[in-house]
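What follows is a short report on a single structure.
2 protein chains.
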Amino acid sequence: MNKELPRLEVCLSPALLHLYDTKGAVVVIIDVFRATSTIAAALHNGAKCVIPVAAVAECIELGQRIPDSITAGERDGKVAEGLQYGNSPAEYPAEFVKGKTLVLTTTNGTRLLHMVKDADTIITGSFLNLSVVCDYLINSGKNVLLGCAAWKDRFNLEDTLFAGAVVNRIQEHFSVNCDSARAANALYKQSGGKDFIHFLRDSSHYRRLSAYGLQGDMEYCATPDLHPVVPVLRGAELVVYGK
Amino acid sequence: MNKELPRLEVCLSPALLHLYDTKGAVVVIIDVFRATSTIAAALHNGAKCVIPVAAVAECIELGQRIPDSITAGERDGKVAEGLQYGNSPAEYPAEFVKGKTLVLTTTNGTRLLHMVKDADTIITGSFLNLSVVCDYLINSGKNVLLGCAAWKDRFNLEDTLFAGAVVNRIQEHFSVNCDSARAANALYKQSGGKDFIHFLRDSSHYRRLSAYGLQGDMEYCATPDLHPVVPVLRGAELVVYGK
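For the protein sequence lines, the chains are U and B, in the order given.
With the numbering used here, the residue at position 240 of the first sequence is 939, and numbering never jumps.
With the numbering used here, the residue at position 93 of the second sequence is 792, and numbering never jumps.
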């Protein structure tokens, strides 16, 4: 019996999403610097859920409505006006975030998440939860699209490198006929498959965030498996899968 | 005196072209399998010019109007109905193509070429003219956008690998702050910087064209510097630069 393997593809930018069939698939939203890293950290540290929203105004409005909520988000590397906290994964230790609802506004990651309409399941991925995301995808038995949030629709290195790390680990369980997946995997291999931050230091995003003094954040985001939870979208909320 | 270097960027798909400022720049159209390879071969072998057109009907019409012309183009790996020849670079030896006008219809490459509106200059690139294209770009002193034709807007490996080969050779003469350029260069390094066809054998396009028995064409297209001319767009015609 030759069981057909599910499909594994990589979408390098939200501007290319329309080229992929996400119906019935698991879509992994990837925004390594820093939205999906912060989401993994907050949920692993006990946040009740994370609500990703696009606009600062919506973030403020939800924060006023939801008890025990934290509003967070940055614009140009600073806490956005009217919000309480930033977009740094290290800002959300257990003693602060446990039991709370984190209302998080980010630009690229949230936009992509809201663009996916007909997937079976939407989860978020980052180096912080690399292994559990891979296990989840293998166990799902479904077609998978790894969706890079990119930067204002521009290809970025960090999201693609993470996609490559996933492809490299799970490809034998899937049918891969996608040049983006092959290229992401080649990038991963070129990076040496470890010490991701070294490879990412030349990226545009690393340079941009470094100008805001956020090198520590990026080192944090490049640490594999520090926050081993799978954030899964239920309605408007990201919650820990299996909990 | 600290002279500012011109910008070097890579656009991975026509669907991302709007993200780049091509005004005053040199844009290199890249469609390795096989449009820009065939263009280099035909012009190096003495064709008067190559006229790239999008539609088969337009190709036929121009062929009827222009003396000493050849109409060529494929759909699904076969010579398109109503045209005389295919899209194989090996089909255009000097004894056949010398002095002729090649009216060539291709899908991805031609489309991208016609999408670029405000560039200073449009040239075409392929492994067959890699070194002369690199020399041209260095000497131009202008901003450069390497534009991958891709496959129906999907990222492809062969065009990106060629872009990476160019980035690798010319980057020291440019300011490179573009993750696509970094990734293309990393792919090039991952390929070992030679024996391109070995690296490309797993690509979607190689597999698709192999099903049509076109492996020989692809080996040909992956041979560096076999046809050292720079095709440059003058009006609707691609001609040899400097001639």
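All C-beta atoms, glycine included, are put in the ideal place defined by N, C-alpha and C.
This structure is a prediction, so every number in the text was calculated from the model and none was measured.
| Check | Outcome |
| --- | --- |
| In the DSSP assignment, find the alpha helix (DSSP H) that holds Val832 (chain B) and state where it starts and stops. | 829–839 |
| Three or more C-beta pairs under 8 Å: does that hold for the stretch 817–830 of chain B against the stretch 719–729 of chain B? | yes |
| Check whether chain B comes within 8 Å of Ala882 (chain U), counting only Cβ atoms and requiring the distance to be less than that. | yes |
| From Thr805 (chain B) to Ser903 (chain B), what distance separates their C-alpha atoms? | 18 Å |
| Going along the chain, which residues of its own chain have a beta-carbon closer than 6 Å to the beta-carbon of Val798 (chain B), five neighbours each way excluded? | Reading off the sequence shown, one finds Gly at residue 798 (chain B), where the question assumed Val. Once the five neighbours on either side are set aside, the close Cβ partners of Gly798 (chain B) are Lys747. |
| Can you list the residues of chain B that Leu827 (chain U) reaches, using a CB-CB cut of under 8 Å? | Correct list: empty, because the minimum Cβ distance to chain B is about 21 Å. |
| At a CB distance below 7 Å, what residues from the stretch 815–841 of chain U approach chain B? Give them in sequence order. | none |
| Quick check on this structure: which residue in B:Asp894, B:Glu703, B:Pro705, B:Val752 has the alpha carbon closest to the alpha carbon of Phe826 (chain B)? | B:Asp894 |
| Quick one: what's got a C-beta closer than 8 Å to Met700 (chain B)'s C-beta in the same chain, skipping five residues either side? | Low confidence applies to Met700 (chain B): its pLDDT is 47, below 50, so where it sits in the model is not reliable, and the reading given next is rough at best. Excluding residues within five positions, none has a Cβ falling inside 8 Å. |
| Taking 8 Å as the threshold, find out whether the stretch 738–752 of chain B comes into contact with the stretch 872–889 of chain B through three or more Cβ pairs. | no |
| What does Thr859 (chain U) touch in chain B if you count any residue whose Cβ is under 7 Å from its own? | Ala882 |
| State yes or no: is the C-beta of Ala849 (chain U) within less than 8 Å of the C-beta of Asp858 (chain U)? | yes |
| Please classify Gly840 (chain B) as buried or exposed, where buried requires at least 16 other C-beta atoms within 10 Å of its C-beta. | exposed |
| Looking at the secondary structure, which residues open and close the beta strand (DSSP E) in which Val725 (chain B) lies? | 725–729 |
| Could you tell me whether the stretch 704–715 of chain B touches the stretch 923–935 of chain U, where touching means 3 or more Cβ pairs closer than 8 Å? | no |
| For Ser825 (chain B), list the residues DSSP reports as bridge partners. | Its beta-bridge partners do not exist; DSSP assigns none. |
| Can you confirm whether Lys722 (chain B), when its beta carbon is compared against all beta carbons of chain U, has any partner nearer than 8 Å? | no |
| With distances taken Cα to Cα, identify the nearest neighbour of Ala793 (chain B) among B:Ser909, B:Asp924, B:Leu742, B:Leu716. | B:Leu742 |
| Using the three-state DSSP reduction, which class does Ile869 (chain B) fall into: helix, strand or coil? | helix |
| Look at the alpha carbon of Arg852 (chain U) and the alpha carbon of Glu760 (chain B), and state the distance between them as a whole number of angstroms. | It is Asp, not Arg, that sits at residue 852 (chain U) in the sequence shown. Approximately 39 Å, taken between the alpha carbons. |
| Taking the alpha carbon of Ala734 (chain U) as the point to measure from, which residue in U:Pro751, U:Val832, U:Leu718 has its own alpha carbon closest? | U:Pro751 |
| Where does Arg907 (chain B) sit, in a helix, a strand or coil, going by DSSP? | helix |
| Who does Ala883 (chain U) pair with in a DSSP beta bridge? | Looking at the DSSP assignment, Ala883 (chain U) forms no beta bridge with any residue, so it has no partner. |
| Between which two residues does the alpha helix (DSSP H) containing Ser736 (chain U) stretch? | 734–743 |
| Using a Cβ-Cβ cut-off of 6 Å (strictly less than) and excluding sequence neighbours within five positions of Ser768 (chain U), which residues of its own chain qualify? | Gly762, Thr800, Val802 |
| Please report whether the beta-carbon of Asn855 (chain B) lies at a distance below 8 Å from any beta-carbon of chain U. | yes |
| Taking Pro927 (chain B) as the reference, which of B:Leu718, B:Tyr835, B:Thr809, B:Leu899 has the closest Cα? | B:Tyr835 |
| Along the beta strand (DSSP E) that carries Val796 (chain U), what are the first and last residues, could you check? | Unbroken run through Val796 (chain U) is the alpha helix (DSSP H), 793–796; no beta strand (DSSP E). |
| Using the rule of at least 16 other Cβ atoms within 10 Å of the residue's Cβ for burial, across every protein chain shown, is Ala756 (chain U) buried or exposed? | exposed |
| Starting from the Cα of Glu918 (chain U), find the closest Cα among U:Arg810, U:Lys942, U:Leu704, U:Val731 and give me that residue. | U:Val731 |
| Which class does Val755 (chain B) belong to by DSSP, given the choice of helix, strand or coil? | helix |
| Which whole-angstrom value is the C-beta distance of Arg868 (chain B) and Pro713 (chain B), which I expect to be below 8 Å? | 24 Å between Cβ atoms; not a contact. |
| Can you give me the start and stop residues for the beta strand (DSSP E) that Ile896 (chain B) sits inside? | First-last for Ile896 (chain B): 895–899, but that is the alpha helix (DSSP H), not the beta strand (DSSP E). |
| Residues of chain U with CB closer than 9 Å to the CB of Asn876 (chain B), please, in chain order. | Ser903, Arg906 |
| By Cβ distance, which residues of its chain are closer than 8 Å to Pro930 (chain B), with the 5 residues on each side in sequence left out? | Thr735, Ile738, Ala739, Leu742, Val749, Ile822, Thr823, Asn828, Leu937, Val938, Val939, Tyr940 |
| Might you give, ordered along the chain, the residues of its own chain that have their beta carbon closer than 6 Å to the beta carbon of Val875 (chain B), omitting 5 neighbours on each side? | Leu707 |
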